[in-house]
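Accompanying notes for the structure given below.
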Amino acid sequence: MTACFCWFGWVQNNQIKLFDNCLLLFSSSFGTSVKTPGSSALRALFTVWIWYGLLTTTAYESSVKSKLTIPLPHKNVDTIQELLETDLELFGISNTIRVVMAGNENPEAKTLETRVKKTNSTVGEIVQMMLQSGNVGYLREETTFLYNAYLNRKAIGQIHRVRQCMYMYHPTLYLQKRCPVTHIVKLTLSRLLESGILLWWRSSFLRDSPPAKPILVQLSLQHMLATFVALFIGILISAIVFLLEMCVCNGLNLRGSHTTDGLPL
4 MTACFCWFGW
14 VQNNQIKLFD
24 NCLLLFSSSF
34 GTSVKTPGSS
44 ALRALFTVWI
54 WYGLLTTTAY
64 ESSVKSKLTI
74 PLPHKNVDTI
84 QELLETDLEL
94 FGISNTIRVV
104 MAGNENPEAK
114 TLETRVKKTN
124 STVGEIVQMM
134 LQSGNVGYLR
144 EETTFLYNAY
154 LNRKAIGQIH
164 RVRQCMYMYH
174 PTLYLQKRCP
184 VTHIVKLTLS
194 RLLESGILLW
204 WRSSFLRDSP
214 PAKPILVQLS
224 LQHMLATFVA
234 LFIGILISAI
244 VFLLEMCVCN
254 GLNLRGSHTT
264 DGLPL
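Here this note's numbering runs 3 ahead of the position in the sequence shown, where the first position is 1.
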(Lines of atoms letter the chains of each structure in order from A and count residues from 1; the text may use other names and numbers.)
(Lines give C-alpha, C1' and ligand atoms only; values in the text may rest on other atoms or scores of the structure.)
Protein backbone atom coordinates (compact mmCIF):
# COMPACT_ATOMS: atom_id res chain seq x y z
CA MET A 1 0.00 0.00 0.00
CA THR A 2 2.80 2.43 0.83
CA ALA A 3 4.46 1.66 -2.52
CA CYS A 4 1.16 2.33 -4.31
CA PHE A 5 0.80 5.69 -2.60
CA CYS A 6 4.40 6.57 -3.45
CA TRP A 7 3.82 5.66 -7.09
CA PHE A 8 0.59 7.68 -7.10
CA GLY A 9 2.39 10.72 -5.64
CA TRP A 10 5.17 10.43 -8.21
CA VAL A 11 2.68 10.27 -11.07
CA GLN A 12 0.72 13.27 -9.79
CA ASN A 13 3.43 15.61 -8.51
CA ASN A 14 6.75 13.94 -9.39
CA GLN A 15 7.39 13.84 -5.60
CA ILE A 16 7.63 11.06 -3.06
CA LYS A 17 6.80 12.07 0.53
CA LEU A 18 7.16 8.99 2.71
CA PHE A 19 5.61 10.66 5.77
CA ASP A 20 2.52 11.78 3.87
CA ASN A 21 2.19 8.39 2.23
CA CYS A 22 2.31 6.62 5.61
CA LEU A 23 -0.40 8.94 6.91
CA LEU A 24 -2.51 8.26 3.83
CA LEU A 25 -2.05 4.54 4.43
CA PHE A 26 -3.30 4.82 8.02
CA SER A 27 -6.19 7.02 6.96
CA SER A 28 -7.33 4.57 4.31
CA SER A 29 -6.95 1.68 6.77
CA PHE A 30 -9.36 3.40 9.15
CA GLY A 31 -11.92 3.95 6.41
CA THR A 32 -11.41 7.70 5.86
CA SER A 33 -10.70 9.49 2.64
CA VAL A 34 -7.05 9.63 1.62
CA LYS A 35 -7.36 13.43 1.40
CA THR A 36 -9.09 13.81 4.78
CA PRO A 37 -7.89 15.56 6.83
CA GLY A 38 -5.92 17.77 4.50
CA SER A 39 -3.24 18.90 6.95
CA SER A 40 -0.36 16.52 7.55
CA ALA A 41 -0.15 17.61 11.20
CA LEU A 42 -3.85 17.00 11.76
CA ARG A 43 -3.64 13.71 9.90
CA ALA A 44 -0.79 12.63 12.18
CA LEU A 45 -2.76 13.62 15.28
CA PHE A 46 -5.79 11.81 13.91
CA THR A 47 -3.71 8.64 13.48
CA VAL A 48 -2.24 8.93 16.98
CA TRP A 49 -5.71 9.44 18.44
CA ILE A 50 -7.02 6.33 16.70
CA TRP A 51 -4.18 4.23 18.03
CA TYR A 52 -4.63 5.78 21.47
CA GLY A 53 -8.30 4.83 21.44
CA LEU A 54 -7.53 1.27 20.33
CA LEU A 55 -4.91 0.77 23.02
CA THR A 56 -7.13 2.27 25.71
CA THR A 57 -10.07 0.11 24.67
CA THR A 58 -7.92 -3.02 24.66
CA ALA A 59 -6.52 -2.22 28.10
CA TYR A 60 -10.01 -1.55 29.44
CA GLU A 61 -11.34 -4.83 28.02
CA SER A 62 -8.46 -6.78 29.55
CA SER A 63 -8.98 -5.09 32.91
CA VAL A 64 -12.70 -5.90 32.96
CA LYS A 65 -12.08 -9.53 31.92
CA SER A 66 -9.53 -9.96 34.69
CA LYS A 67 -12.10 -8.78 37.24
CA LEU A 68 -14.82 -11.01 35.81
CA THR A 69 -12.59 -14.12 35.82
CA ILE A 70 -12.92 -16.27 38.94
CA PRO A 71 -9.53 -17.69 39.96
CA LEU A 72 -9.56 -21.46 40.41
CA PRO A 73 -8.25 -22.89 43.69
CA HIS A 74 -4.99 -24.80 43.72
CA LYS A 75 -5.35 -28.47 42.87
CA ASN A 76 -4.66 -30.81 45.76
CA VAL A 77 -2.03 -33.53 45.44
CA ASP A 78 -3.87 -36.85 45.83
CA THR A 79 -1.75 -39.36 43.89
CA ILE A 80 1.90 -40.36 43.88
CA GLN A 81 2.25 -39.20 40.27
CA GLU A 82 0.97 -35.73 41.20
CA LEU A 83 3.35 -35.73 44.17
CA LEU A 84 6.31 -36.49 41.92
CA GLU A 85 5.34 -33.64 39.60
CA THR A 86 5.63 -31.11 42.44
CA ASP A 87 8.80 -29.48 43.74
CA LEU A 88 8.14 -30.46 47.35
CA GLU A 89 11.10 -31.36 49.54
CA LEU A 90 10.28 -34.89 50.75
CA PHE A 91 11.47 -36.42 54.03
CA GLY A 92 10.97 -39.78 55.70
CA ILE A 93 12.41 -42.02 58.40
CA SER A 94 14.41 -45.11 57.45
CA ASN A 95 11.89 -47.62 58.80
CA THR A 96 8.99 -46.13 56.87
CA ILE A 97 10.95 -45.96 53.62
CA ARG A 98 12.02 -49.59 54.02
CA VAL A 99 8.45 -50.74 54.70
CA VAL A 100 7.01 -48.81 51.74
CA MET A 101 9.59 -50.11 49.31
CA ALA A 102 9.53 -53.72 50.50
CA GLY A 103 8.15 -55.82 47.66
CA ASN A 104 6.81 -52.74 45.87
CA GLU A 105 7.51 -53.03 42.14
CA ASN A 106 5.66 -49.85 41.25
CA PRO A 107 8.01 -47.60 39.19
CA GLU A 108 6.50 -44.57 40.92
CA ALA A 109 7.65 -46.01 44.25
CA LYS A 110 11.18 -46.39 42.93
CA THR A 111 11.20 -42.78 41.77
CA LEU A 112 9.76 -41.67 45.09
CA GLU A 113 12.51 -43.51 46.95
CA THR A 114 15.18 -41.47 45.17
CA ARG A 115 13.52 -38.20 46.16
CA VAL A 116 12.82 -38.92 49.83
CA LYS A 117 15.55 -37.72 52.17
CA LYS A 118 16.15 -39.76 55.30
CA THR A 119 15.75 -37.82 58.51
CA ASN A 120 15.67 -38.48 62.23
CA SER A 121 13.54 -35.42 62.99
CA THR A 122 10.49 -35.90 65.14
CA VAL A 123 6.96 -35.45 63.85
CA GLY A 124 6.71 -32.16 65.71
CA GLU A 125 9.81 -30.79 64.00
CA ILE A 126 8.56 -31.87 60.57
CA VAL A 127 5.18 -30.27 61.23
CA GLN A 128 6.90 -27.04 62.22
CA MET A 129 8.84 -27.11 58.94
CA MET A 130 5.57 -27.62 57.04
CA LEU A 131 3.90 -24.68 58.74
CA GLN A 132 6.87 -22.38 58.15
CA SER A 133 7.80 -23.17 54.54
CA GLY A 134 4.75 -24.93 53.09
CA ASN A 135 7.04 -26.74 50.64
CA VAL A 136 7.74 -29.88 52.66
CA GLY A 137 6.33 -33.40 52.38
CA TYR A 138 6.70 -36.24 54.87
CA LEU A 139 6.47 -39.97 54.20
CA ARG A 140 4.90 -41.66 57.19
CA GLU A 141 2.01 -43.90 58.14
CA GLU A 142 -1.07 -41.70 57.91
CA THR A 143 -2.90 -42.27 61.19
CA THR A 144 0.17 -42.13 63.41
CA PHE A 145 1.53 -39.03 61.73
CA LEU A 146 -1.68 -37.02 61.74
CA TYR A 147 -2.46 -37.95 65.33
CA ASN A 148 0.93 -36.68 66.46
CA ALA A 149 0.86 -33.73 64.07
CA TYR A 150 -2.49 -32.44 65.29
CA LEU A 151 -1.19 -32.23 68.83
CA ASN A 152 0.01 -28.88 67.48
CA ARG A 153 -3.10 -26.70 67.39
CA LYS A 154 -1.73 -24.59 64.56
CA ALA A 155 -1.50 -27.66 62.32
CA ILE A 156 -5.21 -28.48 62.44
CA GLY A 157 -6.65 -27.97 58.97
CA GLN A 158 -3.26 -26.99 57.53
CA ILE A 159 -1.93 -30.42 56.53
CA HIS A 160 -3.04 -32.31 53.44
CA ARG A 161 -2.63 -36.05 53.06
CA VAL A 162 -2.13 -37.90 49.78
CA ARG A 163 -5.04 -40.28 49.33
CA GLN A 164 -3.19 -42.89 47.29
CA CYS A 165 -1.70 -45.44 49.68
CA MET A 166 1.85 -46.69 49.14
CA TYR A 167 1.84 -49.24 51.96
CA MET A 168 1.80 -52.82 50.66
CA TYR A 169 1.04 -54.53 53.97
CA HIS A 170 -1.50 -54.45 56.81
CA PRO A 171 -0.45 -54.21 60.47
CA THR A 172 -0.67 -57.51 62.30
CA LEU A 173 -1.01 -58.15 66.02
CA TYR A 174 1.01 -61.17 67.14
CA LEU A 175 0.14 -63.15 70.29
CA GLN A 176 1.69 -66.19 71.90
CA LYS A 177 0.35 -69.49 70.63
CA ARG A 178 -2.61 -70.73 72.64
CA CYS A 179 -2.77 -67.40 74.44
CA PRO A 180 -5.91 -67.31 76.63
CA VAL A 181 -6.74 -63.71 75.63
CA THR A 182 -6.74 -64.34 71.87
CA HIS A 183 -10.50 -64.77 71.72
CA ILE A 184 -11.06 -61.71 73.92
CA VAL A 185 -8.82 -59.54 71.68
CA LYS A 186 -10.61 -60.70 68.53
CA LEU A 187 -14.00 -60.07 70.09
CA THR A 188 -12.98 -56.62 71.35
CA LEU A 189 -11.61 -55.52 67.97
CA SER A 190 -14.70 -56.84 66.19
CA ARG A 191 -17.03 -54.94 68.53
CA LEU A 192 -15.00 -51.73 68.15
CA LEU A 193 -15.09 -52.03 64.37
CA GLU A 194 -18.82 -52.80 64.25
CA SER A 195 -19.72 -49.96 66.61
CA GLY A 196 -17.94 -47.35 64.48
CA ILE A 197 -15.89 -46.06 67.40
CA LEU A 198 -12.65 -46.51 65.45
CA LEU A 199 -14.01 -44.53 62.51
CA TRP A 200 -15.25 -41.80 64.83
CA TRP A 201 -11.91 -41.66 66.62
CA ARG A 202 -10.10 -41.50 63.29
CA SER A 203 -12.33 -38.78 61.86
CA SER A 204 -12.05 -36.72 65.04
CA PHE A 205 -8.48 -35.72 64.21
CA LEU A 206 -8.15 -36.53 60.50
CA ARG A 207 -9.32 -33.33 58.85
CA ASP A 208 -8.85 -32.01 55.37
CA SER A 209 -8.40 -28.29 55.03
CA PRO A 210 -11.27 -26.92 52.91
CA PRO A 211 -10.26 -25.36 49.58
CA ALA A 212 -9.67 -21.66 49.86
CA LYS A 213 -12.55 -19.64 48.51
CA PRO A 214 -11.52 -17.13 45.84
CA ILE A 215 -11.74 -13.49 46.81
CA LEU A 216 -14.42 -11.91 44.65
CA VAL A 217 -14.65 -8.16 44.13
CA GLN A 218 -17.93 -6.65 43.05
CA LEU A 219 -17.52 -4.76 39.79
CA SER A 220 -18.50 -1.12 40.23
CA LEU A 221 -18.14 2.22 38.45
CA GLN A 222 -14.92 2.88 40.35
CA HIS A 223 -13.20 0.16 38.31
CA MET A 224 -14.25 1.95 35.10
CA LEU A 225 -13.38 5.45 36.32
CA ALA A 226 -9.75 5.33 35.18
CA THR A 227 -10.75 4.32 31.65
CA PHE A 228 -13.38 7.04 31.44
CA VAL A 229 -10.83 9.62 32.61
CA ALA A 230 -8.32 8.46 29.98
CA LEU A 231 -10.95 8.60 27.23
CA PHE A 232 -12.08 12.05 28.37
CA ILE A 233 -8.49 13.34 28.32
CA GLY A 234 -8.04 11.98 24.80
CA ILE A 235 -11.26 13.61 23.60
CA LEU A 236 -10.24 16.90 25.25
CA ILE A 237 -6.83 16.83 23.57
CA SER A 238 -8.37 16.09 20.17
CA ALA A 239 -10.86 18.96 20.61
CA ILE A 240 -8.08 21.39 21.55
CA VAL A 241 -5.99 20.31 18.56
CA PHE A 242 -8.99 20.72 16.28
CA LEU A 243 -9.64 24.25 17.58
CA LEU A 244 -5.98 25.17 17.16
CA GLU A 245 -6.06 23.84 13.61
CA MET A 246 -9.14 25.95 12.87
CA CYS A 247 -7.53 29.05 14.37
CA VAL A 248 -4.34 28.55 12.37
CA CYS A 249 -6.31 28.05 9.15
CA ASN A 250 -8.44 31.15 9.80
CA GLY A 251 -5.32 33.18 10.60
CA LEU A 252 -3.66 32.12 7.36
CA ASN A 253 -6.82 32.95 5.39
CA LEU A 254 -7.08 36.40 6.97
CA ARG A 255 -3.42 37.12 6.31
CA GLY A 256 -3.86 36.07 2.70
CA SER A 257 -6.92 38.30 2.27
CA HIS A 258 -5.11 41.33 3.78
CA THR A 259 -2.14 40.76 1.47
CA THR A 260 -4.43 40.56 -1.54
CA ASP A 261 -6.21 43.78 -0.54
CA GLY A 262 -2.91 45.70 -0.32
CA LEU A 263 -1.74 44.81 -3.84
CA PRO A 264 -2.08 47.57 -6.50
CA LEU A 265 -4.53 46.89 -9.30
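Note that the Cβ used here is the ideal one computed from N, Cα and C, for glycine as well.
inquiry  = For Phe94, list the residues DSSP reports as bridge partners.
reply    = Lys120 and Tyr141
Run of the alpha helix (DSSP H) containing Lys157, from where it starts to where it stops = Where Lys157 is concerned, there is no enclosing alpha helix (DSSP H), given that its DSSP letter is neither H nor E.
task = Can you grab the Cα-Cα spacing for the pair Leu142 / Lys180, in whole Å?
result = 34 angstroms
key: C-beta atoms of Val165 and Asp81 nearer than 8 angstroms   = yes
request  = Compute the Euclidean distance between the alpha carbons of Ser66 and Phe231, then round it to the nearest angstrom.
outcome  = 13 angstroms
request  = Could you check the C-alpha separation between Ala233 and Tyr63 for me, to the nearest Å?
outcome  = 10 angstroms
ask   = Hey, Glu116 and Gln84: beta-carbon distance below 8 angstroms or not?
value = no
ask   = Where Ile129 and Glu144 are concerned, what is the direct C-alpha to C-alpha distance, given to the nearest angstrom?
value = 14 angstroms
task = Could you tell me whether the Cβ atoms of Ile96 and Thr61 are closer together than 8 angstroms?
result = no
ask   = Can you tell me where the alpha helix (DSSP H) with Ile83 in it begins and where it stops?
value = DSSP places Ile83 in the uninterrupted alpha helix (DSSP H) bounded by Ile83 to Glu88.
query = Just the Cα atoms here: how many angstroms apart are Val51 and Leu58?
reply = Each residue's alpha carbon lies about 11 angstroms from the other.
query = Less than 8 angstroms separating the beta-carbons of Val119 and Leu93?
reply = yes
Inter-residue spacing [alpha-carbon to alpha-carbon] between Glu197 and Ile187 = 15 angstroms
inquiry  = Taking a contact to mean a Cβ-Cβ separation below 8 angstroms, would you say Ile162 touches Met133 in this structure?
reply    = yes
task = Output the distance between the C-alpha atoms of Asn79 and Leu195, rounded to the nearest integer angstrom.
result = If you take the alpha carbons of Asn79 and Leu195, they lie about 32 angstroms apart.
key: C-beta atoms of Val126 and Asn151 nearer than 8 angstroms   = yes
query = Mind checking whether Leu192 and Thr185 have CB atoms under 8 angstroms apart?
reply = no
key: Member of Lys113, Ser124, Gly56 and Thr146 whose CA lies at the smallest distance from the CA of Trp203   = Thr146
task = Indicate the three-state DSSP secondary structure (helix, strand or coil) for Val165 in the structure shown.
result = coil
message = Rounded to the nearest angstrom, what separates Leu176 and Cys182 at their Cα positions?
response = 13 angstroms
ask   = Per DSSP, what kind of secondary structure is Lys180 in: helix, strand or coil?
value = coil
request  = Use the C-beta contact count for Gly140: other C-beta atoms within 10 angstroms, 16 or more gives buried, fewer gives exposed.
outcome  = buried
task = Starting from the C-beta of Asn155, find all residues in its chain whose C-beta is less than 6 angstroms away, skip the five residues before and the five after it, and write them out in chain order.
result = Only Val130 meet the Cβ criterion.
Boundaries of the alpha helix (DSSP H) in which Val80 is found, first to last residue = Val80 -> no alpha helix (DSSP H), and no H or E assigned at all.
task = Please report how far the alpha carbon of Leu149 lies from the alpha carbon of Tyr55, in whole angstroms.
result = 59 angstroms
Beta-carbon proximity list for Ser241, same chain, < 6 angstroms, skipping 5 on both sides = Trp52
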